[in-house]
Amino acid sequence: MNDINNSHTHFPFVTAGGTRDAELRDALLYMSMKQNLPLSLSDGEGFRYFAAKAVPLWKPPSRRTVTALMEDKFDVLSTMVKKTLSEVPSLSLTADCWTESHSTTSFLGVTVHYPVDVELHTACVGLVKLEQRHTAEYLATEMLNFSKNWDINPLHVEAVITDNAENIKLAVKQAFGESKLLTCFDHTLNLVPRAALFGIRPDGTPHVAGVPELIKKMKEIVTFSHTNGNFSNELKRIQVTQYNKTEGTVLRLLQDVVTRWGSTYIMIERFLSLQPVVVQAAASFPALNMLSAAELASARAIMEVLAPFHKATSEMGAEKSTTVSKILPMIFNISKKVESVTVPEGNAMATKFKQFITGEMLRRFGNAEHNLRLAAATLLDPRFIKVYFQSPLAVSKAQRYLEQEIEKEMTLDTLDANNAVGESSEATAREVPEPESDLWSSHSELLQQSREATSSDDIPGRARSELRAYLQREIVPLNNNPLEVWESLKPLYPHLYRVARRKLVVPGTSVPSERYFSKAGNIMDDQGSRLTAKHLQQRLFLASVSKELWEAPTNL
1 MNDINNSHTH
11 FPFVTAGGTR
21 DAELRDALLY
31 MSMKQNLPLS
41 LSDGEGFRYF
51 AAKAVPLWKP
61 PSRRTVTALM
71 EDKFDVLSTM
81 VKKTLSEVPS
91 LSLTADCWTE
101 SHSTTSFLGV
111 TVHYPVDVEL
121 HTACVGLVKL
131 EQRHTAEYLA
141 TEMLNFSKNW
151 DINPLHVEAV
161 ITDNAENIKL
171 AVKQAFGESK
181 LLTCFDHTLN
191 LVPRAALFGI
201 RPDGTPHVAG
211 VPELIKKMKE
221 IVTFSHTNGN
231 FSNELKRIQV
241 TQYNKTEGTV
251 LRLLQDVVTR
261 WGSTYIMIER
271 FLSLQPVVVQ
281 AAASFPALNM
291 LSAAELASAR
301 AIMEVLAPFH
311 KATSEMGAEK
321 STTVSKILPM
331 IFNISKKVES
341 VTVPEGNAMA
351 TKFKQFITGE
361 MLRRFGNAEH
371 NLRLAAATLL
381 DPRFIKVYFQ
391 SPLAVSKAQR
401 YLEQEIEKEM
411 TLDTLDANNA
421 VGESSEATAR
431 EVPEPESDLW
441 SSHSELLQQS
451 REATSSDDIP
461 GRARSELRAY
471 LQREIVPLNN
481 NPLEVWESLK
491 PLYPHLYRVA
501 RRKLVVPGTS
511 VPSERYFSKA
521 GNIMDDQGSR
531 LTAKHLQQRL
541 FLASVSKELW
551 EAPTNL
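For what it's worth, full-length UniProt numbering labels the leading residue of the sequence shown as 1, then goes sequentially.
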């Protein structure tokens with residue numbers, strides 16, 4: 001018994017300021033940043049009880065100390081990221097204006113996306129409180145300030161991804177050039193199901209007659225299941241007694257959020273999965289307005305039409321994979337999936353819903369193949385190349401664009417080689433005395449002519465050949481990392497490799513970045529102690545960096 005009571009004596013003493021103390025403090029800070037925990041976590045009774053059991057001879061740091069640790073960690077890691085950003089040949093930015101819900105304060109947030117070996121890394125590098133009207137000029141100035149503060153060369157910015165707000169799009173054009181603007185694919189894609197579910201024409205009628213009423217009727221049943229204990233208990237009882245569910249595995253009906261069409265899809269999906277249970281339970285509640293068989297059939301067809309949009313939104317949210325090259329294939333596959341949905345014969349609502357979705361996809365993405373950035377990225381993705389193109393003209397334009405990019409790389413190589421040869425020749429000329437005879441007087445002239453001939457050595461033809469050879473390759477499996485594939489292709493297509501590394505570092509969506517900012521409201525309210533904008537930026541940055549960077553040795 002005494003051995004148990006004195007078990008803490010088996011733990012080594014953690015010396016304040018020692019190596020083990022530093023490791024524990026750093027791990028505590030990592031947990032706080034990644035899980036959006038308050039800086040005062042270690043002051044809490046519960047945490048101190050846990051720490052006393054886990055590491056009995058360690059004294060956790062106070063909130064004040066944790067804040068200082070955060071500031072120091074930010075200084076170290078931000079310096080490392082700045083160094084990387086100053087050295088990478090290309091990177092991309094996402095810019096988003098958002099409002100913190102607690103204080104209704106507006107911010108501009110900027111994240112950077114850059115390649116590290118064969119992965120794309122993300123860091124939340126910019127956060128500024130917007131003190132003026134959100135004009136394009138003001139936002140452009142702030143974005144350039146971010147670039148300067150983080151050692152980002154604007155010429156190395158391959159693209160800036162934004163939502164569809166006109167002021168932020170114009171700001172990007174002013175700060176980085178029109179060719180650098182790329183609107184978020186997810187934002188544009190989400191407009192399609194949102195318009196079908198909730199859209200209203202100028203005359204006040206819905207885009208798809210009957211759909212808003214159907215959603216409202218389903219939502220009333222869901223709300224009833226959340227507010228009426230008897231109905232909720234009946235849903236549980238039926239699942240347990242007839243469908244072999246346990247108390248811990250029974251499913252609830254899910255409520256939607258009007259501003260998020262995806263939650264409406266999830267509500268419909270869950271409702272239909274529990275349809276037999278709901279129908280049986282509703283029989284005991286005559287006042288409940290249950291959906292008819294025709295309405296249930298319409299809801300199922302609507303769910304099937306929306307399913308590819310929901311899956312695409314989830315997939316495009318991947319942070320460490322190349323996504324810009326998936327946009328054109330995604331558009332094609334979504335359209336094909338919608339087309340394949342079988343609508344019940346005579347069901348006017350479901351038929352109209354499918355037709356409207358098809359028309360909206362064509363209206364918003366019908367010319368997407370002719371976007372040079374998207375087309376070039378798709379061609380450069382070894383998983384796709386030409387497979388998803390429907391327009392030969394779009395392919396031809398994208399190929400010519402890539403040929404020009406390869407030509408630029410070849411020209412740069414030639415200039416570098418000529419400069420190196422020139423420097424070498426000058427050094428040799430200084431070392432070797434000129435012959436007394438003028439027999440070799442034409443040597444220098446012929447040497448210069450030879451260099452000029454080499455520099456103009458049919459670069460367009462070589463560029464076409466390099467691209468053509470790549471385009472004839474076999475498609476690689478879909479689960480391959482295109483950046484990793486390109487590392488193996490580098491010896492074969494050295495100039496196209498550099499183009500691919502630039503074009504494939506662009507995220508197709510700003511959703512992963514917005515995920516950081518959506519957490520900001522919870523972060524700002526730090527157990528009743530409001531964070532300053534400076535500390536909020538530090539927290540968002542530290543929450544965004546990878547564990548590998550967090551643990552990287554510092555040689556500063």
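For every residue, glycine included, the Cβ atom is placed at its ideal position computed from N, Cα and C. Every value quoted in this text rests on a predicted model; they were computed, and no experiment measured them.
| query | result |
| --- | --- |
| Could you tell me whether the Cβ atoms of residue 373 and residue 115 are closer together than 8 Å? | no |
| For residue 122, list the residues DSSP reports as bridge partners. | 113 |
| Are the beta-carbon atoms belonging to residue 51 and residue 60 less than 8 Å from one another? | yes |
| Which same chain residues end up closer than 8 Å to residue 9 when comparing Cβ atoms and leaving out the 5 residues on each side of it in sequence? | Model confidence at residue 9 stands at a pLDDT of 48, short of 50, so the residue's coordinates are unreliable; what they give is reported in the following sentence. Around residue 9: no qualifying Cβ. |
| Buried or exposed: residue 544, going by 16 or more other Cβ atoms within 10 Å of its Cβ? | buried |
| Can the beta-carbon of residue 496 be found less than 8 Å from the beta-carbon of residue 467? | yes |
| Measuring straight from C-alpha to C-alpha, what distance separates residue 128 and residue 357? | 38 Å |
| With H, G and I counted as helix, E and B as strand and the rest as coil, what does DSSP make of residue 257? | strand |
| Ignoring anything shorter than 4 residues or poking outside the region 212-295, list the alpha helix (DSSP H) runs there in chain order. | 229-242, 261-273 and 275-282 |
| On a Cα-Cα basis, can you pick out the residue from 369, 377, 304 and 339 that is closest to residue 359? | 339 |
| So for residue 474, helix, strand or coil by DSSP? | coil |
| Since residue 162 and residue 507 should fall inside the 8 Å C-beta cutoff, what is the C-beta to C-beta distance between them, to a whole number of angstroms? | The pair is not a contact, with the Cβ atoms about 12 Å apart (cut-off 8 Å). |
| Suppose the cutoff is 7 Å on Cβ atoms and the five residues either side in sequence are ignored; what does the same chain contact list for residue 98 look like? | 107, 109 and 517 |
| Going by DSSP, name the residue or residues bridged to residue 129. | 107 |
| Helix, strand or coil, according to DSSP, for residue 397 in the structure here? | helix |
| In this structure, what does DSSP give as the bridge partners for residue 159? | 92 |
| Compare the C-beta of residue 268 with all C-beta atoms of chain B and state if any pair is closer than 8 Å. | Structure shown: chain B not included; a single protein chain is present. |
| Looking at the secondary structure, which residues open and close the beta strand (DSSP E) in which residue 183 lies? | 181-183 |
| Restricting to Cα atoms, I'd like to know which of 230, 91, 376 and 298 is closest to residue 345. | 298 |
| First and last residue of the alpha helix (DSSP H) that includes residue 550? | 547-551 |
| Skipping 5 residues on each side, what residues in its chain have a beta carbon closer than 7 Å to that of residue 142? | 108 and 128 |
| Going by the CB atoms, is the gap between residue 191 and residue 364 shorter than 8 Å? | yes |
| Any idea what DSSP makes of residue 482, helix, strand or coil? | helix |
| Is it the case that the Cβ atoms of residue 412 and residue 376 are separated by a distance below 8 Å? | no |
| When the Cα of residue 381 is compared with those of 471, 226 and 49, which residue comes out closest? | 471 |
| Give the DSSP-derived three-state secondary structure of residue 99 in the structure shown. | strand |
| State yes or no: is the C-beta of residue 150 within less than 8 Å of the C-beta of residue 77? | no |
| Among 72, 273, 291 and 289, which residue has its Cα nearest to the Cα of residue 304? | 273 |
| Beta carbon of residue 234, beta carbon of residue 289: below 8 Å? | no |
| Looking at the secondary structure, which residues open and close the alpha helix (DSSP H) in which residue 334 lies? | 327-340 |
| Counting C-beta neighbours from all protein chains within 10 Å, is the total for residue 281 16 or more, i.e. buried, or is it exposed? | buried |
| Around the C-beta of residue 112, are 16 or more other C-beta atoms found within 10 angstroms, so that it is buried, or is it exposed? | buried |
| Which same chain residues end up closer than 8 Å to residue 251 when comparing Cβ atoms and leaving out the 5 residues on each side of it in sequence? | 239, 245, 270, 273 and 274 |
| Would you call the CB atoms of residue 334 and residue 302 closer than 8 Å? | no |
| Among the candidates 539, 415, 293 and 157, whose CA atom is the shortest distance from the CA of residue 37? | 539 |
| Check whether the region 165-177 and the region 488-495 touch, using three or more Cβ-Cβ pairs below 8 Å as the test. | no |
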